[in-house]
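So the structure is just underneath, and the comments pick up after that.
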Amino acid sequence: MTTTVQATDDQPTDDQAADSGTPPRLPISRLLWVVAALSFFGTLVLWWLGSLPEDGDFAVGREVFGNVPELVVAMFYVLVASFVALAIGLFAVRVKNWERGSWESRSGEWKRRSRRFLEGVSMRTVAEDPASGVMHSLIYWGFVLLFLGTVTLEIDHLLPTSLKFLNGTIYEGYSLILDIAGLAFLAGLAWAALRRYVVKPWRIRSKSRPEDAWILILLATIGITGFLTEASRIAVVGRPDFEQWAFVGYAVSALIPSSDAAGIHQSMWVVHALAFFAFLVVLPVTKLRHMFTTPVNLALSPTTRPKGAMKEMPNLMEATDIESVGAATIAEFTWKQLLDTDACTICGRCTSVCPANTTGKPLDPREIVLKLGTVAAMSADPQISPPVGVDGSITVSSDNVFELITAEEIWACTTCRACDEACPAGIEIVDKILDMRRYKSLMEAEFPSDLGKAYVSMENSSNVYGMDQSTRGDWTDALDFEVKRLGEPGVTAEYLMWVGCAGSFDDRNRNVTIATARLLHKAGVDFGILGAKELCTGDPARRTGNEYVFQGLALQNIETLNDLGVGTIVTQCPHCFNTLSNEYPQFGGEYTVMHHSELLSELVEDGRLVPESTGETIVFHDPCYLGRHNDTFLAPRTIVEASGIRVEMKRNGTNSFCCGAGGGKFWFEEHTGKKVNIDRTEEAVGTGADIVATGCPFCYVMMDDGVREIGADESVLVQDISMLLDSRTR
Ligand code: SF4
Ligand code: SF4
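Residues -17 to 712 (the working numbering) are what the sequence shown spells out, left to right.
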């Protein structure tokens, strides 16, 4: 199968966007330059305003810029104005680089966006890993409080004496809070240094750069000189009692001889200010930028698209003006995908949960993000610093990501979504991989050779096994009751049982289909099947980038379903479930779709199915396309608990580990590293459970093969939840 599409850009330019009704892009980078100019002049105005009111003469309080010569104060304001403007300008350059990406709307969903933004600002997503969460919180909140303290001091400085508030008890509380913040800030930095240079966990060690040490030194300089400036200032004014609230500064001030206090104070003040100016430059050009970009990225992450749905594409059967599919060049990625690369904290959580990486495949999801960011940064005009810092050994000669990303990497992905779920910055990694697959598959016809056979089968036989489509309903011969065939004259049913290719043609999975049908029959559910009219949903083609084959099948299925007026569909296959419920609406197919675990668990709870528990221990393996992609975790467990004693693997629910079959991987061989299904089977068998239960035809085969391969098939049984339930229900 070598269907290809001519290469150009399928995304609208600003002019095209205006013509086609797509909202034109906001020139955010230009707006930021305006903000930079306003900041510059605004800071100078603050300087002038600050010179108007007299400093109040309060018994408990402090003189702003006390012991600092007027010329130095003047230089300070001019430099603050310049460096703040420079920092905003450097951010504008990065934003301009995101604007090279194609248009993608991220409007609406404001409530979710606000919540995600607050989660980012409050470090909630980072705190999901307690070790780095506490460390980041100490640094971040310590810094924020110290910064707000400086802003508060400046506001008080600008106010007329009658309105000044930073005196008396308020001043004492202010001093206490800032000293606590300063200590937290330094403690967080010490913890960070300890983690990076002593403990050295792999995911941090592997991406450590010299600039990480410089950043820590710079931040520590700000914190330490802050305390020394405070201590020497207190020494200059003779260590009044009320300054004891600044407990760190007060204690240190005892070590400073009063004769040297004024000189030390001026020196520390200057070093503290210079360190802050350096911070303003370092902030946008190093990974420190994620202080801002991560919360913004989190706010922009929610989409109206369901988690399990791939990005929508125009109808390839009808469109005549589509010149490129997928993404290879920077302009073919969206602006959000480029922003993602600047929001990456380089924490490596995505990599640590990736089944491909864990089992030795050449895929590292963090590298996918960083390589895209590197190509975007190095092909920018002017060049900007790559996400993880400058690496002289990396050269890029064009804006094509395949200069750094290999085909082996993107074909190793099982699309399990573990990386997206683990990422504390809301980065969408799976979408990027799937966009690149679309490009490879349709623009370059470059895909694993086994996939070519699957594509031919889907195109020629309408099922991925290449079997005679007229035999799709033959599994019903094993039943002792009739199954309705929707589409035959006068035949209707409450539920359409969507069997799927595996349930129709794979020997092991036919037993799942038979068990499901028997259970529906026992519960008196009115259901029917499509038989030969049911075609492959196209999921294996879409997940491997062949949108053309996917759409060909999807449009035929939608026509059939719409013609029959099908309302509710039940299916045992999470991939069919995901495609029918989340992706067919992109082409006008709107149905209520249930996974068989949902309907069967309802029937158990309603007492229409009454299983007898055998007391065996059962461990459930969460299929990625049922769990992480569609948040269905409880329904299959209801069935497990009705059938025996539920036990859990360590990696379960959202943290489940893939069986290795998703993303079309079932249809081509794994040649590198340990097999993913063996890793997962060992974990399942390691629980000591009598039965490994699954809820997906491909998980079933992978786990069943795995149990045989590790020689555990004598002691452990692998069953779909429908087989489990059927064998316990009269
Ligand atoms: S989707 Fe799964 S296999 Fe693919 S990169 Fe993410 S974690 Fe790895
Ligand atoms: S993509 Fe997300 S999880 Fe992966 S390294 Fe970056 S921030 Fe961490």
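We put the beta carbon where it would ideally sit given N, CA and C, even for glycine.
(request) Take N493 and list the residues in its own chain whose beta-carbon comes closer than 7 Å to its own, dropping the five residues that flank it on each side. (result) M705
(message) Measuring only the C-alpha atoms, how far is A514 from V465?
(response) 14 Å
(message) Can you check which of these residues, W173, H578, H653 and Y607, is closest to T620 by C-alpha distance?
(response) H578
(request) For my contact list, G655 and T341 are in at a C-beta cut-off of 8 Å; report their separation, rounded to the angstrom. (result) About 5 Å; that satisfies the 8 Å criterion.
(request) Return the bridge partner residues of K466 from the DSSP annotation. (result) G510
(request) Determine the DSSP secondary structure at S33, reduced to helix, strand or coil. (result) helix
(request) Tell me where the beta strand (DSSP E) around I627 begins and ends. (result) Taken as a continuous stretch (DSSP letters only), the beta strand (DSSP E) holding I627 covers I627 to V629.
(message) On a Cα-Cα basis, can you pick out the residue from T286, A624, W457 and G38 that is closest to S583?
(response) A624
(message) Using CA atoms only, rank isn't needed, just tell me which of W251, G290 and F22 is closest to F47.
(response) W251
(message) So, with DSSP's three-state summary, where would you put A716?
(response) No answer is possible for residue 716: the residues shown for the chain start at -17 and end at 712.
(message) Using a Cβ-based criterion (distance less than 7 Å to any ligand heavy atom), does C329 qualify as near ligand 2?
(response) Closer than 7 Å to some heavy atom of ligand 2: that describes the Cβ of C329.
(request) Give me the Cα-Cα distance between R454 and I511, rounded to the nearest whole angstrom. (result) Cα to Cα, R454 sits roughly 10 Å from I511.
(request) Say yes only if the C-beta of N442 is nearer than 7 Å to one or more non-hydrogen atoms of ligand 1, and no if none qualify. (result) no
(request) Could you tell me if the beta carbon of C713 falls within a distance shorter than 7 Å of some heavy atom in ligand 1? (result) Any answer about residue 713 is impossible in this case: the structure gives the chain only from -17 up to 712.
(message) Can you give me the C-alpha to C-alpha distance between G597 and G290, rounded to a whole angstrom?
(response) 35 Å
(request) Verify whether the separation of the beta carbon atoms of D488 and P277 is less than 8 Å. (result) no
(request) For E52, count neighbouring C-beta atoms within 10 Å of its own C-beta (all shown protein chains included) and say buried if the count is 16 or more, exposed if not. (result) exposed
(message) Which complete alpha helix (DSSP H) runs does the region 72 to 138 hold, if anything under 4 residues is left out?
(response) Listed in chain order, the complete alpha helix (DSSP H) runs (minimum 4 residues) inside the region 72 to 138 are 92 to 103.
(message) I'd like to check one pair, A313 with R83: are the Cβ atoms closer than 8 Å?
(response) First, the residue type needs correcting, since residue 83 is Gly and not Arg in the sequence shown. Yes, the Cβ-Cβ distance between G83 and A313 is below 8 Å.
(request) Please name the residue, chosen from A257, F261, T203 and D161, that lies closest to V230 on a Cα-to-Cα basis. (result) Among A257, F261, T203 and D161, the Cα nearest to that of V230 is on D161.
(message) If you reduce the DSSP assignment to three classes, tell me which class Y530 lands in.
(response) helix
(request) Please report how far the alpha carbon of E193 lies from the alpha carbon of L321, in whole angstroms. (result) 21 Å
(message) What does the Cβ neighbour count give for F532, buried or exposed, with the cut at 16 atoms within 10 Å?
(response) By the 10 Å Cβ count, F532 comes out buried.
(request) Quick one: give me the first and last residue of the beta strand (DSSP E) that F569 is part of. (result) Segment: none, F569 is in no beta strand (DSSP E) and carries neither H nor E.
(message) Considering only their Cβ atoms, is the gap separating W480 from T553 smaller than 8 Å?
(response) With respect to W480, T553 sits close: the two C-beta atoms are nearer than 8 Å.
(request) Rounded to whole angstroms, what's the CA-CA distance from A301 to E294? Just pull it up for me. (result) So the alpha carbons of these two residues sit roughly 14 Å apart.
(message) Report the CB separation of H254 from I204 in whole angstroms; it is logged as a contact under 8 Å.
(response) 7 Å
(request) Output the distance between the C-alpha atoms of L501 and G668, rounded to the nearest integer angstrom. (result) 31 Å
(request) Just mark S697 as buried or exposed, buried being the case when its beta carbon has 16 or more other beta carbons within 10 Å. (result) exposed
(message) Taking only three categories from DSSP, how would you classify T316?
(response) Shown here, T316 sits in a strand according to DSSP, grouped into three states.
(message) Using only the alpha-carbon positions, how far apart do R106 and L100 sit?
(response) The alpha-carbon atoms of R106 and L100 are separated by roughly 8 Å.
(message) I need the DSSP call for L707, collapsed to helix, strand or coil.
(response) In the structure shown, L707 sits in a helix (DSSP, three-state: H, G or I).
(message) Just to confirm my understanding: we take P142, look at its own chain, exclude 5 residues before and 5 after, and list those with CB closer than 7 Å. What are they?
(response) Same-chain partners within the cutoff: P35.
(request) Mark H611 as exposed unless 16 or more other C-beta atoms lie within 10 angstroms of its C-beta, in which case mark it buried. (result) buried
(request) Return the first residue and the last residue of the beta strand (DSSP E) that I551 is part of. (result) T550 to T553
(request) Give a yes or no on contact between the region 521 to 537 and the region 646 to 654, applying the rule of three or more CB pairs nearer than 8 Å. (result) Between the region 521 to 537 and the region 646 to 654 there are three or more C-beta pairs closer than 8 Å, enough to call the two in contact.
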